[in-house]
């Protein structure tokens, strides 16, 4: 388990600007908990009330929703140093329709939203900085949600795929890149059938529009 929290301010935007020498004291004040998850283990379950938010230290988590037939759709894949479920914990919603589970063995740290938002004593400068960073993180989440809505506004599978790849290319400032999804996960993210997605990828390769091998893509 990761215990050297002093490096977090330079690795994770949620702790940006907090002096490294003060991060452990801040975590102690907020009673931050460390949790290890096995692959497939659920951190937050559908139908539950989320009172904590998390930061991924290692591994990968998936946020998923389920349709009426029980089919899972991946909303987002999250990598180390990303925050999970801040908006849901802060909103104080009684029951959520999503689940968060480990896609591989993962370590996370958990923050109780009430302790963060309603400190028992006057908040320290580090605590105030954390609150500001949370505000920025919520804004970034809204931007990413808008990005996905733009992608899903297209009906055709090929259009959704190309919008996603172009967005990734612009975001990374590169024509060639790896994406965090395998074929099934990408199909879930784009809300399309895997077979249809694979067929469209093959067509785009044949037309010379993209090159692809597994999760590696190149825009031609």
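Numbering (our numbering), first residue to last: 98 to 317.
All residues carry an ideal CB built from backbone N, CA and C; glycine is no exception.
The structure presented is a predicted model; accordingly, all values stated were derived computationally and were not measured.
Residue 69 versus residue 277 - alpha carbon distance: Not covered by the structure: residue 69. The range shown for the chain is 98 to 317.
For residue 161, three-class secondary structure by DSSP: Position 64 of the chain shown, counted from the first residue, corresponds to residue 161. Residue 161: strand per DSSP, three-state reduction.
Reference residue 214; option with closest CA among 203, 200, 229: In the chain shown, counting from the first residue as 1, residue 214 sits at position 117. Closest by alpha carbon: 229.
Own chain, CB closer than 7 Å to residue 315, minus 5 neighbours either side, in chain order: The count along the chain shown starts at 1 and reaches residue 315 at position 218. Only residues of its own chain outside the window of five on either side were considered, and among them 272, 273, 307, 308 have a CB closer than 7 Å to the CB of residue 315, listed in chain order.
Through-space distance from residue 151 to residue 121, alpha-carbon basis: Walking along the chain shown from the start, residue 121 turns up at place 24. Walking along the chain shown from the start, residue 151 turns up at place 54. Taking the straight line joining both Cα atoms gives about 16 Å.
For residue 207 and residue 133, the rounded distance between their alpha carbons: As a working mapping, residue 133 is identified with position 36 in the chain shown. As a working mapping, residue 207 is identified with position 110 in the chain shown. C-alpha separation (whole angstroms): 11 Å.
Residue 173 versus 141, 302, 285, residue with shortest Cα-Cα distance: Counting from 1 along the chain shown, the entry for residue 173 is found at position 76. Looking at the Cα atoms, 285 is the closest of the given residues.
Candidates 221, 249, 197, 237: closest to residue 153 by CA position: Here residue 153 refers to the residue found at position 56 when the chain shown is read from its first residue. Nearest option by C-alpha distance: 197.
Whole runs of the beta strand (DSSP E) within the region 254 to 312, excluding any shorter than 3 residues: Qualifying beta strand (DSSP E) stretches, in chain order: 273 to 275, 307 to 310.
Delimiting residues of the beta strand (DSSP E) encompassing residue 93: Missing from the structure shown is residue 93; the chain here goes from 98 to 317 and no further.
Residue 297 beta carbon less than 8 Å from that of residue 232: For the purposes of this step, residue 232 is taken as residue 135 along the chain shown, with counting starting at 1. For the purposes of this step, residue 297 is taken as residue 200 along the chain shown, with counting starting at 1. With contacts defined by Cβ atoms closer than 8 Å, residue 232 and residue 297 do not form a contacting pair.
DSSP bridge partner residues for residue 155 (one or two, in chain order): As a first step, residue 155 must be located in the chain shown, where it is residue number 58. Beta-bridge partners assigned by DSSP to residue 155: 204.
Beta-carbon gap between residue 199 and residue 140 smaller than 8 Å: Here residue 199 is taken as the residue at index 102 of the chain shown, counted from 1. Here residue 140 is taken as the residue at index 43 of the chain shown, counted from 1. Against a cut-off of 8 Å, the Cβ pair of residue 140 and residue 199 comes out as a contact.
Close-in-space but distant-in-sequence residues of the same chain around residue 149 (CB under 7 Å, 5 per side omitted): Sequence index remark: in the chain shown, residue 149 carries index 52 (1-based). The residues are 186, 207, 208, 209, 210.
Closest by C-alpha distance to residue 195, when choosing among 177, 157, 224, 146: By 1-based counting over the chain shown, the position of residue 195 is 98. When each option's Cα is compared against that of residue 195, the closest is 146.
Buried/exposed call for residue 269, threshold 16 Cβ in 10 Å: As a working note, residue 269 is residue 172 in the chain shown. Under the 10 Å beta carbon count, residue 269 is surrounded by fewer than 16 other beta carbons and is classified as exposed.
For residue 176, the three-state DSSP class (helix, strand or coil): As a first step, residue 176 is located in the chain shown; it is residue number 79 there, counting from the start. Coil at residue 176, not helix or strand.
First and last residue of the uninterrupted alpha helix (DSSP H) at residue 210: Taking the first residue of the chain shown as 1, we reach residue 210 at position 113. Unbroken alpha helix (DSSP H) run through residue 210: 210 to 214.
Selected residue, minimal CA-CA separation from residue 193, among 143, 283, 247: Here the question's residue 193 lines up with position 96 in the chain shown. Residue 143 is the option with its Cα nearest to residue 193.
Pair within 8 Å by beta-carbon distance, residue 158 and residue 181: As a first step, residue 158 is located in the chain shown; it is residue number 61 there, counting from the start. As a first step, residue 181 is located in the chain shown; it is residue number 84 there, counting from the start. In contact: residue 158 and residue 181 (Cβ atoms closer than 8 Å).
DSSP-derived helix/strand/coil call for residue 193: As a first step, residue 193 is located in the chain shown; it is residue number 96 there, counting from the start. Residue state, collapsed to three classes: coil.
Inter-residue Cα distance where the pair is residue 241 and residue 310: On the chain shown, position 144 is the one that residue 241 refers to. On the chain shown, position 213 is the one that residue 310 refers to. Taking the Cα positions, residue 241 is about 26 Å away from residue 310.
Closest residue to residue 244 among 261, 256, 234 (Cα-Cα distance): The residue given as residue 244 occupies position 147 in the chain shown. Nearest C-alpha to residue 244: 261.
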